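J.: One structure, pasted below without further comment.
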Amino acid sequence: MKAAILYKANTPLEVVDVQQQGAQTGEARVRVKAAGVCHSDWHIMNGDWTLPLPMVLGHEAAGIVEDVGAGVTNVKPGDHVIFSFRPQCGRCLYCSIGRSILCDGHQTARWMMLDGTCRLKRDGQDIFQMARIGTFAESVVCPAEMLVPIRKEMPWPQAALMGCCVPTGVGAVTRCAQVEAGASVVVIGCGGVGLNVVQGARLAGARLIVACDLLDNKLEYAREFGATHTINASRQNVVDTVRGLTGGRGADYAFDAIGGEATTLQILDSIRPGGTAVIVGMAAMNVRAPITPYMMALQEKTIRGTMYGSVRPNIDFPRLVDLYLDGRLKIDQLVSRTYRLEEINEGFTALRTGQVARGVVVF
Ligand SMILES: NC(=O)c1ccc[n+]([C@@H]2O[C@H](COP(=O)([O-])OP(=O)(O)OC[C@H]3O[C@@H](n4cnc5c(N)ncnc54)[C@H](O)[C@@H]3O)[C@@H](O)[C@H]2O)c1
Ligand SMILES: [Zn+2]
Ligand SMILES: [Zn+2]
């Protein structure tokens, strides 16, 4: 079985043969059909996020269940599934209140199986799996709770994107911020995640959707996904331009789909008094941002974070699939380029240089 492994930060992924142990109790083995190239993988590759290595990266994917271990009831061989990169034990406080993205019911490290062992080995060494899945691989053994069955009409590259950028971006708008029809929305960063914030705002009926990026080709995509206005942040001041478009007041909502000090402050400065700023993009682990507490109080601003768009995978992934199949979500337009697993490092070059909306490894 071939998989793309990161052995050391700031080195390319190595596509190599690994030994895979079969599905144990509560686990399933999935033949991966497509896996998206997301900036979160890049955060591990470039050392922004320090995680134990070697690790198979990849967390935005879909595939077919091949076999299941004892006690698995939520999926069966032949099912088409989207991988969820968060656990859902079903019993902890967060699972019980419908916020399974925050599930804390498992005690083992998030790059090993729930029993604390690994399913992958190479040259006698354990290989970790990103988020317990690690989908840049021909085959994945993972806890069955991380698999969500979907309609079989869903095409594979599009299904893969339902595993991260689509729910994250759309959910940030509809589940986390709960943007209402007629609202004004700013989105900073128009990669796979930001473009889905843009189309989430369109779905929610926002009146004004202002998309910001440093690259004109990304702003072109943003217009296609529903942006009413665009700002090239390399030439224009984001906060001043947003104020100009909103009668001097600021927007009702602003989303940071990049992550970092500067963009956290930009979303806070772009919203009106009483508005909501949402952090969707994920900064390097050690970044802090100096907010102004006086203005937060005086202007009653809200700042929130969202993980995975605060979705409920079992309910929301199939709903998003229905929306796509009904023609109401643009996902074909996200898949700008496809790769073979052996070409995965080209996928990260295209991500870093902003050439694509999303690149997808197709198996
Ligand atoms: N919260 C979550 O659950 C979650 C899920 C997935 C991804 N993420 C995070 O979201 C972020 C975006 O991911 P992605 O895959 O869309 O990335 P991406 O690389 O595809 O897109 C980032 C975009 O931001 C633009 N950009 C960079 N700096 C900018 C600046 N200063 N001003 C304006 N635009 C700028 C780039 O040109 C690019 O278009 C990453 O940090 C990723 O880790 C978070
Ligand atoms: Zn992702
Ligand atoms: Zn739980």
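The sequence shown: position 132 = 255 (our numbering), numbered continuously.
For glycine and all other residues, C-beta sits at the position ideal for the given N, C-alpha and C.
Predicted, not measured: the structure shown is a model, and the values here were computed from it.
For Tyr-417, does the three-state DSSP call read helix, strand or coil?
T.: Note: Tyr-417 maps to helix in three-state DSSP.
J.: With a threshold of 8 angstroms, establish whether the CB of Ser-163 neighbours any heavy atom of ligand 2.
T.: Yes, the beta carbon of Ser-163 sits closer than 8 angstroms to at least one heavy atom of ligand 2.
J.: Go through its chain and collect everything with a Cβ distance to Thr-387's Cβ below 7 angstroms, but skip five positions before and after it.
T.: Asp-379, Ile-402, Ala-412, listed in sequence order.
J.: Any heavy atom of ligand 3 closer than 8 angstroms to the beta-carbon of Gln-211?
T.: Gln-211: yes, Cβ under 8 angstroms from ligand 3.
J.: Could you say which of Leu-237, Leu-457, Ile-256, Glu-137 lies nearest to Asn-340 if we only look at CA atoms?
T.: Checking every option, the nearest Cα to that of Asn-340 belongs to Leu-457.
J.: Please determine if the stretch 138-156 and the stretch 235-247 are in contact, where contact requires at least 3 C-beta pairs separated by less than 8 angstroms.
T.: Yes, the stretch 138-156 is in contact with the stretch 235-247.
J.: At a threshold of 8 angstroms, does Gly-149 count as lining ligand 3 (C-beta to nearest heavy atom)?
T.: No, since every heavy atom of ligand 3 falls outside the 8 angstroms radius drawn around the Cβ of Gly-149.
J.: Starting from Tyr-431, follow the alpha helix (DSSP H) in both directions and report where the run begins and ends.
T.: Careful: Tyr-431 lies outside any alpha helix (DSSP H) and carries neither H nor E.
J.: Helix, strand or coil for Lys-424, going by three-state DSSP, please let me know.
T.: Three-state result, Lys-424: coil.
J.: Identify the residues that DSSP records as bridge partners of Thr-461: which are they?
T.: The partner list for Thr-461 (beta bridge, DSSP) reads Val-483.
J.: Ligand 1 and Ala-380: does any heavy atom of the ligand fall closer than 8 angstroms to the residue's C-beta?
T.: At least one heavy atom of ligand 1 is nearer than 8 angstroms to the Cβ of Ala-380, so yes.
J.: Bridge partners of Ser-307, per DSSP?
T.: BP columns for Ser-307 point to Leu-331.
J.: State yes or no: is the C-beta of Leu-284 within less than 9 angstroms of the C-beta of Val-204?
T.: No, Cβ-Cβ distance for Leu-284 and Val-204 is not below 9 angstroms.
J.: Specify the secondary structure class of Val-198 as computed by DSSP and reduced to three states.
T.: Here Val-198 sits in coil by DSSP.
J.: Apart from the five residues just before and just after Pro-210, which ones in its own chain have a Cβ nearer than 6 angstroms to its Cβ?
T.: Closer than 6 angstroms at Cβ, skipping near neighbours: Cys-226, His-229.
J.: Measuring alpha carbon to alpha carbon, tell me which of Val-321, Leu-342, Gln-478, Leu-338 ends up nearest Ile-332.
T.: Of the candidates Val-321, Leu-342, Gln-478, Leu-338, the one whose C-alpha sits nearest the C-alpha of Ile-332 is Val-321.
J.: Report buried or exposed for Leu-216, applying the criterion of at least 16 other Cβ atoms within 10 angstroms of its Cβ.
T.: Per the 10 Å Cβ criterion, exposed.
J.: Closer than 8 angstroms by C-beta to Ala-282: which residues in its own chain qualify, once you throw out the five before and the five after it? Chain order, please.
T.: Lys-156, Ala-157, Ala-185, His-203, Ile-205, Ile-273, Val-444, listed in sequence order.
J.: Touch check for the stretch 411-427 and the stretch 194-202: three-plus C-beta pairs under 8 angstroms?
T.: No contact exists between the stretch 411-427 and the stretch 194-202.
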